[in-house]
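*Asks:*
Numbering (UniProt numbering), first residue to last: 1 to 691.
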């Protein structure tokens with residue numbers, strides 16, 4: 001039920017002439033009156049700075065990503081001034097073929113003055129309130145106008161209710177040179193029946209102005225009468241709250257409301273024959289934000305699914321969210337780091353403003369399931385700013401740290417006003433980035449024991465072992481006994497994984513006729529100085545257990561690591577894992593000739609040649625190839641001595657390996673005396689302690 005109170009016919013003259021009390025409507029609309037700090041004489045002679053409607057459009061361009069723009073509306077509900085406990089996000093047809101997005105909360109609501117501040121630029125008292133995300137006072141305007149041409153705001157407190165329209169459609173139609181907001185306010189009185197309310201028109205209290213404001217709503221919204229406006233207001237089913245309706249969404253359409261009835265997804269438009277909803281044979285995701293170091297085919301649901309994004313948007317949500325009627329179940333990014341989880345000591349950068357002085361908290365770990373995602377989620381004041389941000393080695397074309405995930409809580413950093421990035425020119429950001437990279441190295445090389453660098457936790461079959469062996473112990477673990485030093489790369493000797501596992505070894509200790517897996521011996525008439533034990537399984541184990549072999553233990557997944565031109569440049573790919581398979585198959589047996597040994601040596605050297613061909617000198621993989629190559633050539637010479645019956649020492653790559661110790665960094669693994677004579681104590685773990 002609507003009651004219309006008596007209106008004052010012509011309030012402006014009385015207010016302008018100074019005769020009598022100024023009219024309430026005139027005082028509410030005169031913007032200069034809101035600046036109480038300016039004396040009246042100054043306000044009377046200064047000009048008011050207007051904002052052209054184009055400001056709404058230019059301000060909206062700060063949001064490139066639509067879901068980030070929608071998150072601006074959720075931030076207002078998350079802040080404590082709102083007082084909300086529940087926020088509902090929905091999408092429905094407001095008229096045939098026209099879909100609107102709505103965000104509704106059960107907070108305190110707003111009175112008319114607060115609503116006007118919300119629709120003005122720069123009004124914000126949230127900046128230094130603990131736990132608040134908002135700061136600049138432009139989030140609602142930029143977010144709403146990025147998604148739609150028109151935004152209807154309905155808000156109710158216990159005793160008043162207001163409706164306002166922010167509409168570029170209306171402003172362009174009247175060719176406005178200032179941002180004009182039609183706004184109506186009612187008093188709320190209890191109705192005659194339970195749950196019913198009576199609305200009494202309050203402001204504007206001039207009949208002509210009321211009709212003019214209501215006329216704008218009826219013409220430029222889907223609500224064609226005052227009763228329809230109040231019915232929309234009654235959709236706020238709590239005593240107080242706020243409802244935002246975004247309609248006339250931007251064209252071309254950016255959202256798909258039909259693919260998943262419980263979600264709002266972005267539309268992908270790549271080709272004329274593509275439906276824009278599912279992944280095609282190109283293996284490209286529906287939509288992907290650009291991130292340095294991230295491969296183009298990696299599917300990140302948070303980039304195109306509003307539900308997935310809302311699940312991680314807040315590190316510790318203070319309200320309950322629903323999307324299209326279904327609750328949002330938060331996915332705590334810290335809780336998912338259940339494998340090898342570690343939290344570093346808080347770090348506080350020096351030299352930052354006192355108002356933002358706070359500690360940085362870093363969490364690292366791995367997922368239970370296999371994943372191609374890596375990087376850090378960075379939160380500022382509980383709000384997600386960056387997803388899967390890669391640092392350090394994760395930005396390089398290698399396999400190190402490529403499945404390490406982390407969470408950074410960095411309230412001391414300065415986010416950009418669209419809350420999708422940080423001010424990277426600040427000294428605080430540079431210090432935090434350096435601290436994160438140091439923590440990554442400390443964690444990967446010293447704290448965690450799960451990953452053998454470069455294998456992503458997968459167990460690699462060791463050369464020279466029977467396939468029937470039983471391996472026990474931590475899966476895929478890096479064997480760093482007693483805890484390694486967490487300072488850069490682990491220095492000194494380190495035992496391989498073999499020594500940490502209980503296993504049955506069947507290496508051939510007696511004859512050269514070993515087929516590579518210790519299953520069969522062939523008695524041969526070999527030269528007297530020929531090694532008594534096949535050295536290739538031992539040498540290969542030593543290479544694979546080396547701390548710098550992480551790039552060579554398996555085939556290069558060019559698509560996964562973002563080196564798409566690798567197989568165009570490298571025509572003869574080779575890796576230690578492939579050599580293991582060939583060794584187990586007996587491809588390197590001698591059979592009274594040097595064909596097998598020469599093929600083994602050629603394949604191993606091919607691994608290093610590929611690394612030097614694809615990578616530039618000074619690259620981490622290039623240097624690792626030099627280091628492991630020195631170990632290989634040294635071990636080869638130890639095994640065959642000065643007499644080389646098959647010429648395996650010919651074509652040595654030691655000169656290509658650069659300056660460095662020519663002896664193995666792990667010692668003589670098989671107990672040979674340097675002349676090919678075995679003492680029977682083969683080094684099973686590759687650490688040079690031989691038996």
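Glycine residues also receive a C-beta, built at the ideal position from the N, C-alpha and C atoms.
Check residue 375 in the structure and name its three-state DSSP category.
*Replies:* Reduced to three states, the DSSP call for residue 375 is strand.
*Asks:* Which of the three DSSP states is assigned to residue 650 in this structure?
*Replies:* coil
*Asks:* Using a 10 Å radius around the Cβ and a threshold of 16 neighbouring Cβ atoms, would you call residue 156 buried or exposed?
*Replies:* buried
*Asks:* Looking at residue 319: is its Cβ nearer than 7 Å to the Cβ of residue 84?
*Replies:* Yes; because the gap between Cβ atoms is below 7 Å, this pair is in contact.
*Asks:* Mind checking whether residue 151 and residue 144 have CB atoms under 7 Å apart?
*Replies:* yes
*Asks:* Specify the secondary structure class of residue 186 as computed by DSSP and reduced to three states.
*Replies:* Residue state, collapsed to three classes: strand.
*Asks:* Got a sec? Which residues, its chain only, sit under 6 Å from residue 178 by beta carbon, not counting five neighbours each side?
*Replies:* When the five nearest sequence neighbours on each side are left out, the beta carbons in the same chain lying within less than 6 Å of the beta carbon of residue 178 are those of 50, in order along the chain.
*Asks:* Among 412, 290, 420 and 414, which one has its Cα closest to the Cα of residue 71?
*Replies:* 420
*Asks:* Decide yes or no for the touch test of the segment 297-313 against the segment 403-412: beta carbon pairs closer than 8 Å, at least 3 of them.
*Replies:* no
*Asks:* May I ask you to verify whether the segment 637-648 touches the segment 563-575, counting CB pairs closer than 8 Å and requiring at least 3?
*Replies:* no
*Asks:* Look up residue 147 in the DSSP assignment and say whether it is helix, strand or coil.
*Replies:* It is helical.
*Asks:* Return the residue from the list 257, 605 and 562 that minimises the CA-CA distance to residue 91.
*Replies:* 257
*Asks:* Quick one: what's got a C-beta closer than 6 Å to residue 562's C-beta in the same chain, skipping five residues either side?
*Replies:* Within its own chain, the residues whose Cβ lies closer than 6 Å to the Cβ of residue 562, once the five positions on either side in sequence are excluded, are 295, listed in chain order.
*Asks:* Measure the CB-CB distance between residue 431 and residue 349 and report whether it falls below 7 Å.
*Replies:* yes
*Asks:* Closest to residue 331 by C-alpha separation, out of 573, 321 and 208, would be which residue?
*Replies:* 321
*Asks:* By the 10 Å Cβ neighbour count, where 16 or more other Cβ atoms means buried, how is residue 603 classified, buried or exposed?
*Replies:* buried
*Asks:* Would you check if the distance between the CB atom of residue 240 and the CB atom of residue 137 is smaller than 7 Å?
*Replies:* no
*Asks:* So is residue 262 buried or exposed if we call it buried at 16+ other beta carbons inside 10 Å?
*Replies:* exposed
*Asks:* Spatial neighbours of residue 470 within its chain, please: CB distance less than 6 Å, with the 5 preceding and 5 following residues excluded, ordered by chain position.
*Replies:* Residue placement at residue 470 cannot be trusted, given a pLDDT of 37 that sits under 50; what the coordinates show is reported in the next sentence. Nothing listed; no residue qualifies.
*Asks:* For the alpha helix (DSSP H) containing residue 693, list its first residue and its last residue.
*Replies:* Here the chain has residues from 1 to 691 only, and residue 693 is not among them.
*Asks:* From the DSSP secondary-structure annotation, give me the bridge partner or partners of residue 245.
*Replies:* 102 and 152
*Asks:* What are the boundary residues of the alpha helix (DSSP H) that residue 345 is part of?
*Replies:* Counted as a single uninterrupted DSSP element, the stretch harbouring residue 345 is not any alpha helix (DSSP H), since DSSP gives it neither H nor E.
*Asks:* Please report the distance separating the alpha-carbon of residue 412 from that of residue 343.
*Replies:* 18 Å
*Asks:* What is the rounded straight-line gap between the Cα of residue 287 and the Cα of residue 227?
*Replies:* 42 Å
*Asks:* Pull up the distance between the alpha-carbon of residue 139 and that of residue 66, whole angstroms please.
*Replies:* 13 Å
*Asks:* So is residue 209 buried or exposed if we call it buried at 16+ other beta carbons inside 10 Å?
*Replies:* A residue is called buried once 16 or more other Cβ atoms fall within 10 Å of its Cβ, and residue 209 is buried on that count.
*Asks:* Using only alpha-carbon positions, find the residue among 441, 397 and 122 that is nearest to residue 558.
*Replies:* 397
*Asks:* To the nearest whole angstrom, what separates the beta carbons of residue 314 and residue 382, a pair I think is in contact under 8 Å?
*Replies:* Yes, residue 314 and residue 382 are in contact; Cβ-Cβ is about 5 Å, under 8 Å.
*Asks:* When DSSP builds the beta bridges, which residues end up paired with residue 409?
*Replies:* 361 and 379
*Asks:* Judging by CA-CA distance, which residue of 293, 540 and 113 is the nearest neighbour of residue 601?
*Replies:* The residue with the shortest Cα to Cα distance from residue 601 is 540.
*Asks:* Should residue 164 and residue 153 be called a contact, given that it needs their Cβ atoms to be closer than 7 Å?
*Replies:* yes
*Asks:* First and last residue of the beta strand (DSSP E) that includes residue 197?
*Replies:* 197-203
*Asks:* Per DSSP, which one or two residues make a beta bridge with residue 389?
*Replies:* 376
*Asks:* The alpha helix (DSSP H) that contains residue 229, what's its start and end?
*Replies:* 226-233
*Asks:* Look up residue 329 in the DSSP assignment and say whether it is helix, strand or coil.
*Replies:* coil
*Asks:* Inspect the beta-carbon positions of residue 233 and residue 148 and report whether they are closer than 7 Å.
*Replies:* no
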